[in-house]
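What follows is a short report on a single structure.
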Amino acid sequence: MKIVIAGAGSVGTYMAGELGGIGHEIVLLDNDTSVENRARAIGNAVFVLGDACDVDVLAAAGAADADVVAAVTGDDEDNLVVSLLAKQEFGVPRVVARVNNPKNEWMFNEMWGVDVSVSTPHLLTALVEEAVTEGSLVSLLSFEHGKAGLCVVTLAPDSPAVGKEISELSLPREATVVGIVRDAHIVVPTGDTVLQVRDEVLVLSRSEAEADIRAALIRP
Amino acid sequence: MGIFRRDKTAGQITARPVGTEQIGSIGARRFVRVAGEVSRIRTKPARGIPSLCVQVSDGTGTVVALWTGRRAIGGVVLGRSILLEGVASDSPDGLTFMNPSYELL
Numbered sequence: 031m032k033i034v035i036a037g038a039g040s041v042g043t044y045m046a047g048e049l050g051g052i053g054h055e056i057v058l059l060d061n062d063t064s065v066e067n068r069a070r071a072i073g074n075a076v077f078v079l080g081d082a083c084d085v086d087v088l089a090a091a092g093a094a095d096a097d098v099v100a101a102v103t104g105d106d107e108d109n110l111v112v113s114l115l116a117k118q119e120f121g122v123p124r125v126v127a128r129v130n131n132p133k134n135e136w137m138f139n140e141m142w143g144v145d146v147s148v149s150t151p152h153l154l155t156a157l158v159e160e161a162v163t164e165g166s167l168v169s170l171l172s173f174e175h176g177k178a179g180l181c182v183v184t185l186a187p188d189s190p191a192v193g194k195e196i197s198e199l200s201l202p203r204e205a206t207v208v209g210i211v212r213d214a215h216i217v218v219p220t221g222d223t224v225l226q227v228r229d230e231v232l233v234l235s236r237s238e239a240e241a242d243i244r245a246a247l248i249r250p
Numbered sequence: 006m007g008i009f010r011r012d013k014t015a016g017q018i019t020a021r022p023v024g025t026e027q028i029g030s031i032g033a034r035r036f037v038r039v040a041g042e043v044s045r046i047r048t049k050p051a052r053g054i055p056s057l058c059v060q061v062s063d064g065t066g067t068v069v070a071l072w073t074g075r076r077a078i079g080g081v082v083l084g085r086s087i088l089l090e091g092v093a094s095d096s097p098d099g100l101t102f103m104n105p106s107y108e109l110l
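Each protein sequence line maps, in turn, to chains P and D.
One point on numbering: in this note's numbering, the residue at position 44 of the first sequence is 74, and numbering is uninterrupted.
One point on numbering: in this note's numbering, the residue at position 70 of the second sequence is 75, and numbering is uninterrupted.
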């Protein structure tokens, strides 16, 4: 795949190294000459010095035939502009953007050309919640512009699902248990799998199903 | 107000504005000019940001023109002939032009 990465800071250079290392064609963009040496030192990546918010620079970086543009600078405004240009001017199929300040997260959607946004604070919070919270639904990932998602519920002792078979749960049609993590083992769920206290139940569902999932696994 | 010449019997478009391509023949990622008639208008409020989603058809296919940050464009009404210019991307709604240049014909 051809990937254009806007922003050669710590995130961008790491991505370039990793993705380039597994064989993708990488173009790394940054306007800052002080990062140039470190960026050029990355094997398997081409470095372009220029302003990623400039259509001509994006064109020179090959956005016209890139499969992915990743806007991962430390500046949310720049990331939004790069995303919009990538989608609007070049029709890039997948635009991934980094959200630095969670307060800006609401803007990082298809209105600005963003297909997938990643906010580190948000992710960390979700993972911390997931690790320490029993009896709560934690949203891990969302797909399809927010219409579907993967969430996890750690079953508390008072969960209505404890002792029940998966087929007995009143889960809505468009929700499916895709995995159970039990004592560091992965249990592949079948209709007659019996749920236990402290099971981490992973559910893939449409977003509207969340209330029903809570009712089935947390509190009826 | 028709910009297309149509076949008298079948109503098929037989001539199109200069420099435009059939919508059915275009793909994503290439700068194109297409012309058609507005077949559907939708305002989508997405988390506080309004957008205008206009479907344009020319008999060979349909594309979507998405203008962000606005609910309406003067003159863009159902049935109006419009020319769009830009690079389209594949989206869940089909081939979509984001904030394209346009000409009301």
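Ideal Cβ placement from N, Cα and C applies to all residues, glycine included.
Can you name the start and end residues of the beta strand (DSSP E) that residue i belongs to?
i              : result
Q60 (chain D)  : 54-62
V41 (chain P)  : Note, V41 (chain P): premise wrong, no beta strand (DSSP E); alpha helix (DSSP H) at 40-51.
L247 (chain P) : Premise fails: L247 (chain P) lies in the alpha helix (DSSP H), 240-247, not in any beta strand (DSSP E).
A69 (chain P)  : Segment 66-70 is the alpha helix (DSSP H) holding A69 (chain P); no beta strand (DSSP E) there.
G99 (chain D)  : 99-103
K194 (chain P) : K194 (chain P) -> no beta strand (DSSP E), and no H or E assigned at all.
Can you confirm whether residue i, when its beta carbon is compared against all beta carbons of chain D, has any partner nearer than 8 Å?
i              : result
N139 (chain P) : yes
V122 (chain P) : yes
G143 (chain P) : yes
A94 (chain P)  : yes
Starting from the Cα of residue i, find the closest Cα among the options and give me that residue.
i              : options                       : result
E55 (chain P)  : P:I72, P:V65, P:V76           : P:V76
A36 (chain P)  : P:C181, P:G73, P:A89          : P:A89
E135 (chain P) : P:A116, P:G209, P:D105        : P:D105
V65 (chain P)  : P:T103, P:L49, P:A116, P:L167 : P:T103
T121 (chain D) : D:W72, D:V92, D:E90, D:G41    : Residue coverage of chain D in this structure runs from 6 to 110, which leaves residue 121 (chain D) outside it and unanswerable.
L253 (chain P) : P:G50, P:E48, P:A239, P:F120  : No answer is possible for residue 253 (chain P): it lies beyond the span of chain P, which begins at 31 and ends at 250.
Of all Cβ atoms in chain P, is any one closer than 8 Å to the Cβ of residue i?
i             : result
M6 (chain D)  : Because the pLDDT at M6 (chain D) is just 41, under 50, the model does not fix this residue reliably, and the value given afterwards should be weighed accordingly. Chain P, which has no Cβ nearer than 8 Å to the Cβ of M6 (chain D), makes this no.
A70 (chain D) : no
G66 (chain D) : no
A93 (chain D) : yes
A33 (chain D) : yes
Compare the beta carbon distance of residue i and residue j with 8 Å and say whether it is the shorter of the two.
i              : j              : result
L88 (chain D)  : Y107 (chain D) : yes
D95 (chain D)  : V69 (chain D)  : no
V211 (chain P) : R128 (chain P) : no
Using 10 angstroms around the beta-carbon of residue i, count the other beta-carbons present and answer buried if the total reaches 16, otherwise exposed.
i              : result
M45 (chain P)  : buried
P151 (chain P) : exposed
D60 (chain P)  : buried
P219 (chain P) : buried
M103 (chain D) : buried
N109 (chain P) : buried
A241 (chain P) : exposed
N91 (chain P)  : Per the sequence presented here, residue 91 (chain P) reads as Ala, with Asn not at that position. Label assigned to A91 (chain P): buried.
E204 (chain P) : exposed
Please report the residue range of the alpha helix (DSSP H) in which residue i lies.
i              : result
A89 (chain P)  : 85-90
E119 (chain P) : 106-120
Cβ closer than 7 Å: which chain A residues qualify as neighbours of residue i?
i              : result
Q118 (chain P) : Any reference to chain A falls outside this structure, whose protein chains are P and D.
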